[in-house]
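**Q** Quick note on numbering: the first sequence equals residues 0 to 580 in numbering that gives the first Met the number 0. If you scroll down you'll find the structure; I have some questions about it.
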Amino acid sequence: MRDDGHGPILADRPKSGPVRRSGRAPEHPALRGRMAAMSSLPHTLSERLQAVAGVDPELRAATKPQFGHFQSNVALRLAKAEGRPPREVAQRLVEQADLSDLCETPEIAGPGFINLRLRTEVLAAAASEVRADPRHGVEPQPTQTVVIDYSAPNVAKQMHVGHLRSTIIGDCLARVLRALGHTVIAQNHIGDWGRQFGMLVEQILDEQLDVAALDLAGAEELYRRANDHFKADETFADRARRRVVLLQSGDEDTLAIWRQLIDISLAGFHEAYARLGVLLTDADLAGESTYNDDLPRVVAELEASGAAVVDDGALVVFVEGFNAPMIVRKRDGGFGYSATDLAAVRRRVGELGADRILYVVGSEQTFHFNQVFAVARKAGFLPERVQAEHVGYGMVLGTDGKRLRTRDGGTMKLADLLDAAEERAARPIALAAVKYADLSNSLVKDYVFDLDRMVQTVGDTGPYLQYAHARLCQLLRRAEAEQAQVGEAVTVLDEPAEQTLALLLTRFGETVAEVGQTLQPHRLCAYLYELAGALSVFYEQCPVLRSEGEVRASRLALCVTVRDVLAAGLDLLGIEAPDRM
RNA sequence: GCCCUCGUAGCUCAGGGGAUAGAGCAACCGCCUCCUAAGCGGUUGGUCCCAGGUUCGAAUCCUGGCGAGGGCGCCA
Numbered sequence: 000m001r002d003d004g005h006g007p008i009l010a011d012r013p014k015s016g017p018v019r020r021s022g023r024a025p026e027h028p029a030l031r032g033r034m035a036a037m038s039s040l041p042h043t044l045s046e047r048l049q050a051v052a053g054v055d056p057e058l059r060a061a062t063k064p065q066f067g068h069f070q071s072n073v074a075l076r077l078a079k080a081e082g083r084p085p086r087e088v089a090q091r092l093v094e095q096a097d098l099s100d101l102c103e104t105p106e107i108a109g110p111g112f113i114n115l116r117l118r119t120e121v122l123a124a125a126a127s128e129v130r131a132d133p134r135h136g137v138e139p140q141p142t143q144t145v146v147i148d149y150s151a152p153n154v155a156k157q158m159h160v161g162h163l164r165s166t167i168i169g170d171c172l173a174r175v176l177r178a179l180g181h182t183v184i185a186q187n188h189i190g191d192w193g194r195q196f197g198m199l200v201e202q203i204l205d206e207q208l209d210v211a212a213l214d215l216a217g218a219e220e221l222y223r224r225a226n227d228h229f230k231a232d233e234t235f236a237d238r239a240r241r242r243v244v245l246l247q248s249g250d251e252d253t254l255a256i257w258r259q260l261i262d263i264s265l266a267g268f269h270e271a272y273a274r275l276g277v278l279l280t281d282a283d284l285a286g287e288s289t290y291n292d293d294l295p296r297v298v299a300e301l302e303a304s305g306a307a308v309v310d311d312g313a314l315v316v317f318v319e320g321f322n323a324p325m326i327v328r329k330r331d332g333g334f335g336y337s338a339t340d341l342a343a344v345r346r347r348v349g350e351l352g353a354d355r356i357l358y359v360v361g362s363e364q365t366f367h368f369n370q371v372f373a374v375a376r377k378a379g380f381l382p383e384r385v386q387a388e389h390v391g392y393g394m395v396l397g398t399d400g401k402r403l404r405t406r407d408g409g410t411m412k413l414a415d416l417l418d419a420a421e422e423r424a425a426r427p428i429a430l431a432a433v434k435y436a437d438l439s440n441s442l443v444k445d446y447v448f449d450l451d452r453m454v455q456t457v458g459d460t461g462p463y464l465q466y467a468h469a470r471l472c473q474l475l476r477r478a479e480a481e482q483a484q485v486g487e488a489v490t491v492l493d494e495p496a497e498q499t500l501a502l503l504l505t506r507f508g509e510t511v512a513e514v515g516q517t518l519q520p521h522r523l524c525a526y527l528y529e530l531a532g533a534l535s536v537f538y539e540q541c542p543v544l545r546s547e548g549e550v551r552a553s554r555l556a557l558c559v560t561v562r563d564v565l566a567a568g569l570d571l572l573g574i575e576a577p578d579r580m
């Protein structure tokens with residue numbers, strides 16, 4: 000199971016720890032070229048500079064407005080090889096490069112930076128393209144089938160704040176990858192099989208419980224009682240173990256109770272997903288139990304290929320680079336969770352046709368997934384052409400900096416978190432606060448869970464983005480009421496605030512592509528926050544409805560575009576964009 | 001013992017070879033007769049854990065420490 004049935008409920012599953020190497024998307028030169036191609040303006044500038052520099056000018060967005068729009072430090076790097084002062088090299092490059100149709104006269108600054116400022120009409124045209132493009136600059140890539148394994152709660156347990164990360168991150172990545180034209184198949188690897196069902200079923204029988212009357216909270220309490228019972232009573236533990244065997248051998252009475260537990264849990268999950276507004280449906284369910292019938296075949300294939308060997312009574316696979324073998328089948332004949340994950344890889348490649356498989360699971364399982372991938376490669380379940388990536392994320396810590404644990408009373412149910420958020424703001428806004436708080440942190444690091452901060456609606460938060468959007472909607476409603484002419488294109492960019500906004504608009508597409516490649520949602524958050532911030536400045540400094548003529552039409556065009564990009568971006572984060580608030 | 005990750009402002013976090021290291025929160029000072037103040041502007045606040053190395057240039061890359069966390073054959 001993705002979720003650990005034994006550990007503390009909160010931090011149980013994915014405990015975390017960052018994943019640097021494995022979580023970071025491999026840099027494919029081909030992809031990079033594609034990304035560059037999609038933001039045509041910087042790409043063109045880059046090519047022109049490269050033509051005279053001979054090397055990639057590593058064009059970057061300017062770090063400050065006074066440095067123009069783009070900057071290159073290529074002269075600094077060339078200076079040594081050429082044996083000339085950097086500023087001199089920069090001067091030569093600037094003189095030789097053919098940039099005049101796109102840029103103002105380039106400036107050479109500091110030790111030898113080349114600062115480029117786009118001609119206003121070029122920037123305006125670029126912003127206008129974003130306005131006209133229904134996709135706002137997000138370019139579809141060569142289509143891949145991407146399987147994303149995320150959420151994965153455990154049966155008979157309520158979802159808690161620790162589950163938020165996998166669910167929210169996976170949902171965001173699914174949206175982003177779809178927007179990039181990929182076929183995304185979500186897989187909810189719920190923990191619906193395994194040892195814990197032995198004790199659950201026995202506890203139900205002991206208590207003569209009417210399972211159908213339970214809700215998920217009730218099931219969770221049952222789980223606790225069963226767990227305590229299991230630990231305290233060896234006789235009960237024995238029965239539980241025998242019950243597991245019954246379950247696995249298909250005993251009808253046992254299966255009937257098991258199914259009831261599943262149904263209760265699914266109802267609870269549905270409720271949570273609906274409340275969160277994530278895309279997961281029943282069609283995405285692919286719990287551990289669904290691989291049960293595949294396990295013997297997986298084992299047979301592993302043995303046939305010679306990958307698996309019997310060691311100390313267990314069937315294991317040794318892989319180079321791992322200090323412990325993967326246990327496929329335990330000494331007692333039961334299958335380890337690795338076997339299930341291998342079966343999942345096999346099905347995702349063979350039946351689902353995956354070109355890329357993502358596992359949104361806490362980083363504490365980095366070792367496990369790397370091993371699964373290695374074994375799957377060795378066994379032939381995972382061909383070279385299929386990418387497999389563990390999108391590991393850090394664990395959720397309490398304000399004391401320690402892992403949040405149920406037993407310490409530090410945990411919080413997902414429902415309680417959402418309730419708390421809704422005490423502060425209306426539902427869509429509360430949800431935005433919670434989701435953004437999670438998505439805006441980089442994945443690799445653990446993060447401190449602080450309820451007050453999580454439900455905050457001011458500052459660098461989801462509601463801030465929504466607010467910018469809502470303001471624009473209001474402004475555009477007024478414009479419509481006044482029958483103001485909204486420009487089809489952005490034509491006037493005299494004010495710095497307008498330019499900043501226009502430039503940011505042209506970066507939406509590349510930002511989304513970057514998230515698709517690096518699988519780091521916080522980059523999209525950062526971009527949108529910057530855009531919303533630029534909008535606020537623009538809003539303060541540039542009257543729209545109170546301006547006139549072409550300026551007004553152009554500013555309205557800018558407003559429409561920003562509104563659309565904010566809405567599109569929020570949608571990719573899985574956050575609603577209300578028209579007013 | 002071995003492996004992995006993290007260490008940036010009082011707090012929570014961005015930045016991950018280039019210009020005086022950025023946000024938010026907290027604190028303090030301003031701004032609504034003016035398109036939504038869930039906003040904007042400003043002030044205060046930093047040995048980028050430490051030490052070496054590579055480089056024209058290191059918060060960023062490498063090595064070694066220190067500190068925190070995670071993982072390491074029959075839990076998942």
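Don't be surprised by glycine CBs; every beta carbon is placed ideally from N, CA and C.
#1: When the Cα atoms are used, what is the spatial distance from Gln519 to Val360?
#2: Roughly how many angstroms lie between the CA atoms of Gln484 and Gly515, to the nearest whole one?
#3: Would you mind listing the beta strand (DSSP E) stretches within the segment 40-128 that are 3+ residues and don't spill past its ends, in chain order?
#4: Please state whether DSSP places Met453 in a helix, a strand or coil.
#5: By the three-class DSSP mapping on this structure, what secondary structure does Ile189 have?
#6: At what residues does the beta strand (DSSP E) containing Gln386 begin and finish?
#7: What are the residues that DSSP puts in a beta bridge with Leu314?
#8: How many Å lie between Ala566 and Leu275 at the Cα?
#9: Please state whether DSSP places Ile256 in a helix, a strand or coil.
#10: Compute the Euclidean distance between the alpha carbons of Asp148 and Arg355, then round it to the nearest angstrom.
#11: Would Ala342 pass as a contact of Val297 if the rule is Cβ separation under 7 Å?
#12: In chain order, what residues of the same chain lie with their CB nearer than 8 Å to the CB of Val175, ignoring the 5 residues before and after it?
#13: Is there contact here, the segment 553-565 with the segment 126-142, by at least three beta-carbon pairs under 8 Å?
#14: Could you have a look at Lys377 and say whether DSSP puts it in helix, strand or coil?
#15: To which residues does DSSP link His159 through a beta bridge?
#16: Give the straight-line distance between the Cα atoms of His468 and Gln140, rounded to the nearest whole angstrom.
#17: In its own chain, which residues sit with a C-beta less than 8 Å from the C-beta of Leu475, not counting the 5 before and 5 after it?
#18: Just verifying my parser: in three-state terms, what is the DSSP assignment at Tyr446?
#19: With H, G and I counted as helix, E and B as strand and the rest as coil, what does DSSP make of Leu284?
#20: Who are the near neighbours of Gly67 in its chain, counting only those whose CB is closer than 7 Å to its CB and skipping five residues on each side?
#21: Using the beta-carbon count (16 or more within 10 Å), is Asn159 buried or exposed?
#22: So, helix, strand or coil for Phe321, using DSSP?
#23: Grouping DSSP H, G and I as helix and E and B as strand, with all else coil, what is Val298?
#24: Could you tell me whether the Cβ atoms of Leu215 and Ile263 are closer together than 7 Å?
#25: Among the candidates Val318, Ala231, Ala378, whose CA atom is the shortest distance from the CA of Ala303?
#26: Provide the residue span of the alpha helix (DSSP H) that contains Thr505, from first to last.
#27: If you check the beta carbons only, do Ser581 and Pro56 fall under 7 Å apart?
#28: Closest to Ala108 by C-alpha separation, out of Leu213, Arg426, Ala576, Leu75, would be which residue?
#29: Ends of the alpha helix (DSSP H) at Asp437?
#30: Which residues in the same chain as Gly312 place their Cβ atom closer than 6 Å to its Cβ, once the five residues preceding and following it in sequence are excluded?
#31: Look at the alpha carbon of Gly568 and the alpha carbon of Ala125, and state the distance between them as a whole number of angstroms.
#32: Using 8 Å for Cβ pairs, my map puts Val51 next to Ala96. What's the rounded Cβ distance?
#33: Nearest-angstrom Cα distance between Asp451 and Gly393?
#34: Tell me Thr460's beta-bridge partners as DSSP assigns them.
#35: DSSP three-state call for Leu396: helix, strand or coil?
#36: Mapping DSSP to helix, strand and coil, what is Tyr358?
**A** According to the data block:
#1: Looking up residue 519 in the first sequence gives position 520. Looking up residue 360 in the first sequence gives position 361. So the two alpha carbons sit approximately 14 Å from each other.
#2: As a working mapping, residue 484 is identified with position 485 in the first sequence. As a working mapping, residue 515 is identified with position 516 in the first sequence. The alpha-carbon atoms of Gln484 and Gly515 are separated by roughly 37 Å.
#3: 69-71, 106-108, 112-115
#4: By one-based count along the first sequence, residue 453 stands at place 454. Note: Met453 maps to helix in three-state DSSP.
#5: Here residue 189 refers to the residue found at position 190 of the first sequence. Coil.
#6: Counting from one through the first sequence, the residue named residue 386 turns up at place 387. It spans 386-390 - the beta strand (DSSP E) in which Gln386 sits, taken as one unbroken run.
#7: Against the first sequence, residue 314 aligns to sequence position 315. In DSSP, Leu314 forms a bridge with Val309, Arg328.
#8: Here the question's residue 566 lines up with position 567 in the first sequence. Here the question's residue 275 lines up with position 276 in the first sequence. Answer to the nearest angstrom: the Cα atoms are 18 Å apart.
#9: Residue mapping note: residue 256 aligns to position 257 of the first sequence, counting from 1. Residue state, collapsed to three classes: helix.
#10: Along the first sequence, read from residue 1 onward, the residue named residue 148 stands at position 149. Along the first sequence, read from residue 1 onward, the residue named residue 355 stands at position 356. Going from the Cα of Asp148 to the Cα of Arg355 covers about 11 Å.
#11: Within the first sequence, numbered from 1, the residue matching residue 342 stands at position 343. Within the first sequence, numbered from 1, the residue matching residue 297 stands at position 298. Contact: yes.
#12: Indexing the first sequence from 1 puts residue 175 at position 176. Only Val511, Val514, Gly515, Pro520, Leu523, Leu571 meet the Cβ criterion.
#13: yes
#14: Start at 1 with the first residue of the first sequence, and residue 377 comes out as number 378. Reduced to three states, the DSSP call for Lys377 is helix.
#15: In the first sequence, counting from the first residue as 1, residue 159 sits at position 160. His159 pairs with Lys412.
#16: Counting from one through the first sequence, the residue named residue 468 turns up at place 469. Counting from one through the first sequence, the residue named residue 140 turns up at place 141. Their backbone Cα atoms lie some 28 Å apart in a straight line.
#17: Mapped onto the first sequence, residue 475 falls at position 476. Closer than 8 Å at the Cβ level, and outside the excluded window around Leu475, lie Val485, Leu555, Cys558, Val559, Arg562.
#18: Indexing the first sequence from 1 puts residue 446 at position 447. Three-state DSSP puts Tyr446 in a strand.
#19: Taking the first sequence and counting its residues from 1, the one referred to as residue 284 is at position 285. Three-state result, Leu284: strand.
#20: The count along the first sequence starts at 1 and reaches residue 67 at position 68. Cβ within range, chain order: Ala61, Glu106, Asn114, Leu115, Arg116.
#21: Looking up residue 159 in the first sequence gives position 160. One point to set straight first is that residue 159 is His, not Asn, in the sequence displayed. His159 comes out buried.
#22: Here residue 321 corresponds to residue number 322 of the first sequence, with the count starting at 1. Residue state, collapsed to three classes: coil.
#23: Numbered from its first residue, the first sequence carries residue 298 at position 299. Helix.
#24: Reading the first sequence from its first residue, position 216 is the one you call residue 215. Reading the first sequence from its first residue, position 264 is the one you call residue 263. Against a cut-off of 7 Å, the Cβ pair of Ile263 and Leu215 comes out as a contact.
#25: The residue given as residue 303 occupies position 304 in the first sequence. When only C-alpha atoms are compared, the closest one is Ala378.
#26: If you number the first sequence from 1, residue 505 lands on position 506. Premise fails: Thr505 is in no alpha helix (DSSP H) and is neither H nor E.
#27: The displayed coordinates of the chain run from 0 to 580. Any statement about residue 581 would go beyond what the structure contains.
#28: For the purposes of this step, residue 108 is taken as residue 109 along the first sequence, with counting starting at 1. Nearest C-alpha to Ala108: Leu75.
#29: Sequence index remark: in the first sequence, residue 437 carries index 438 (1-based). Per DSSP, Asp437 belongs to the alpha helix (DSSP H) from 426-438.
#30: As a position in the first sequence, residue 312 is number 313, starting the count at 1. If we look at Gly312 and ignore the five residues flanking it on each side, its Cβ neighbours are Arg330.
#31: In the first sequence, counting from the first residue as 1, residue 568 sits at position 569. In the first sequence, counting from the first residue as 1, residue 125 sits at position 126. Each residue's alpha carbon lies about 18 Å from the other.
#32: Looking up residue 51 in the first sequence gives position 52. Looking up residue 96 in the first sequence gives position 97. Indeed, because the Cβ distance is near 5 Å, the residues count as touching under 8 Å.
#33: The residue given as residue 451 occupies position 452 in the first sequence. The residue given as residue 393 occupies position 394 in the first sequence. About 20 Å.
#34: Translated into the one-based positions of the first sequence, residue 460 becomes position 461. Beta-bridge pairing links Thr460 to no other residue.
#35: The sequence position of residue 396 within the first sequence is 397, counting from 1. In the structure shown, Leu396 sits in a strand (DSSP, three-state: E or B).
#36: Locating residue 358 in the first sequence gives position 359, where the first residue counts as 1. If DSSP states are grouped into helix, strand and coil, Tyr358 belongs with the strands.
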